[in-house]
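Visitor: Dumping the structure here so I can ask a few things about it.
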Amino acid sequence: MDLDLARKDVTAKQPEQVIPALRLLSNEGALTDLQAVLGLLKLGNPTIQKTAIETATTLIRRNLIEHFNELAPQVREKLSQIMESLHPRIIEEISKDIYGDDDQRRLRAVQILGLLKKNPKVRDILAELVKERDEKIRATAIKLLGNLVGPHEQQVVLSLLNDPDKRVRANTVEAIEGLASKRLLPILLRFRKDPNNRIRGNVLKALYKMGHKDIGEDLRQMLASDDDFMKASGLWVVSQTGLHTPQIEELAGKNMVADSEMVASNAAKALKTLNTPRAQGFLRYLGPKAA
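Residue numbers 222 to 512, in our numbering, belong to the letters of the sequence shown in order.
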């Protein structure tokens with residue numbers, strides 16, 4: 222049976238014609254076939270109805286995965302609503318694609334999860350995907366999870382910030398900054414002394430960008446640390462925020478002559494961001510060391 226014949230047979234009323242047609246449309250049909258498939262739900266035949274539901278769900282899921290970026294956002298939303306209303310266990314079906322071998326298909330499946338944001342299972346899956354090694358999937362999961370976290374769901378954020386995997390914690394901080402939600406500030410404040418340099422730097426930068434400007438002392442401690450990685454991260458925060466105090470400027474200048482090339486380079490970037498007469502002086506007279 223070819224698609225043209227299937228589209229003709231799907232309008233018949235006999236199960237022996239309709240069901241094979243539906244199965245073909247499930248695997249090869251386009252979104253333009255969806256209306257005819259949904260029309261079969263009005264028939265009184267339970268076998269046809271059951272197969273039509275399966276076909277509509279599979280057809281939508283397949284087309285969302287294969288053509289996600291080609292579809293307008295409102296079309297994606299509408300299709301996801303139809304799919305979820307037809308199949309209560311659609312999350313389990315999408316999970317098959319998420320944990321498959323095709324990376325592009327996995328990414329699309331994660332994006333579809335974001336359309337099903339009202340389903341409570343979505344948060345748990347996205348929280349697990351924050352640990353994903355594939356950068357695109359991880360970044361998408363973090364972004365979607367951030368959009369889903371409501372006022373009473375901060376435990377999800379806390380659990381991620383306490384994850385033993387440093388990457389998960391750092392990525393979560395970046396996601397919180399992207400949300401720019403001041404209700405999450407108290408959570409971030411707990412982690413501004415984190416022993417990991419990347420996490421600590423991300424936290425201070427996020428706090429500053431989200432309106433909590435009182436990070437000067439925390440930043441001074443990073444710049445005065447004996448740990449080169451901590452210094453480098455602190456200087457990175459200065460270059461990202463432009464936070465200026467006499468102490469920070471002084472420490473940035475001193476770090477221009479650090480033995481660590483990483484620290485000296487970040488010090489130069491920080492001073493260029495500050496761009497004060499004193500910062501320019503440090504760059505002018507100590508610049509060759511940073512270079």
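Every residue gets a Cβ at the ideal spot worked out from N, C-alpha and C, and that includes glycine.
In terms of alpha-carbon separation, which member of 343, 339, 236 and 291 lies closest to residue 314?
Guide: Checking every option, the nearest Cα to that of residue 314 belongs to 343.
Visitor: Less than 8 Å separating the beta-carbons of residue 418 and residue 454?
Guide: Yes. Within cutoff.
Visitor: Pick from 301, 357 and 298: whose alpha carbon is nearest that of residue 324?
Guide: Considering only alpha carbons, the answer is 357.
Visitor: Please confirm if the region 292-302 is in contact with the region 262-271, defined as three or more CB-CB distances below 8 Å between the two stretches.
Guide: Too few Cβ pairs lie closer than 8 Å, so no.
Visitor: Exposed or buried, which one is residue 429 when buried takes at least 16 other CB atoms within 10 Å?
Guide: Per the 10 Å Cβ criterion, buried.
Visitor: With DSSP collapsed to three states, give me the class of residue 327.
Guide: In this structure, residue 327 counts as helix in the three-state DSSP scheme.
Visitor: Leaving out five residues before and five after residue 222 in sequence, what residues of the same chain have Cβ atoms less than 8 Å from its Cβ?
Guide: Closer than 8 Å at Cβ, skipping near neighbours: 230, 241, 242 and 245.
Visitor: What did DSSP end up calling residue 236 once you bin it into helix, strand or coil?
Guide: Residue 236: helix per DSSP, three-state reduction.
Visitor: Determine whether the beta carbon atoms of residue 437 and residue 466 lie at a separation below 8 Å.
Guide: Yes; because the gap between Cβ atoms is below 8 Å, this pair is in contact.
Visitor: Within its chain, find whatever has a CB closer than 8 Å to the CB of residue 383; leave out the 5 residues flanking it on each side and keep chain order.
Guide: Closer than 8 Å at Cβ, skipping near neighbours: 390.
Visitor: Assuming residue 365 contacts residue 334 (C-beta within less than 8 Å), just tell me the rounded distance between them.
Guide: Going by Cβ atoms, the distance from residue 365 to residue 334 rounds to 7 Å, so yes, they are a contact pair.
Visitor: Residue 285 lies in the alpha helix (DSSP H); which residues open and close that run?
Guide: 267-288 is the span of the alpha helix (DSSP H), which, as asked, contains residue 285.
Visitor: Give the straight-line distance between the Cα atoms of residue 512 and residue 486, rounded to the nearest whole angstrom.
Guide: Residue placement at residue 512 is poorly supported in this model, since its pLDDT is 44, which falls under 50; the coordinates still yield a value, given next. Between residue 512 and residue 486, the C-alpha separation is close to 7 Å.
Visitor: Look at the Cβ atom of residue 394, then the Cβ atom of residue 348, and state whether they are nearer than 8 Å.
Guide: Result no, Cβ atoms of residue 394 and residue 348 do not sit closer than 8 Å.
Visitor: Excluding five sequence neighbours on each side, which residues of the same chain lie with their C-beta closer than 7 Å to the C-beta of residue 336?
Guide: Answer for residue 336: 297, 298 and 301, listed in chain order.
Visitor: Keeping to the same chain, check which residues put their C-beta closer than 7 Å to that of residue 362; ignore five residues upstream and five downstream.
Guide: So the qualifying residues of the chain are 331, 347, 350, 351 and 353.
Visitor: Helix, strand or coil: which one does DSSP assign to residue 246?
Guide: It is helical.
Visitor: Which stretch, first to last residue, makes up the alpha helix (DSSP H) that contains residue 494?
Guide: 482-495 is the span of the alpha helix (DSSP H), which, as asked, contains residue 494.
Visitor: Output needed for residue 406: all residues of its chain with C-beta closer than 8 Å, excluding positions within five of it in sequence on either side, in chain order.
Guide: 428, 431, 432 and 433, listed in sequence order.
Visitor: Kindly list the residues whose CB is nearer than 6 Å to the CB of residue 233, restricted to its own chain and excluding five residues on each side of it in sequence; keep chain order.
Guide: Closer than 6 Å at the Cβ level, and outside the excluded window around residue 233, lie 239.
Visitor: Which residue marks the beginning of the alpha helix (DSSP H) containing residue 477, and which one marks its end?
Guide: Where residue 477 is concerned, there is no enclosing alpha helix (DSSP H), given that its DSSP letter is neither H nor E.
Visitor: Please decide whether residue 301 counts as near chain D, where near means a Cβ-Cβ distance under 8 Å.
Guide: Structure shown: chain D not included; a single protein chain is present.
Visitor: Apart from the five residues on each side of it in sequence, which residues of its chain come closer than 6 Å, Cβ to Cβ, to residue 421?
Guide: Counting only Cβ-Cβ distances below 6 Å, and skipping sequence neighbours, we find 415.
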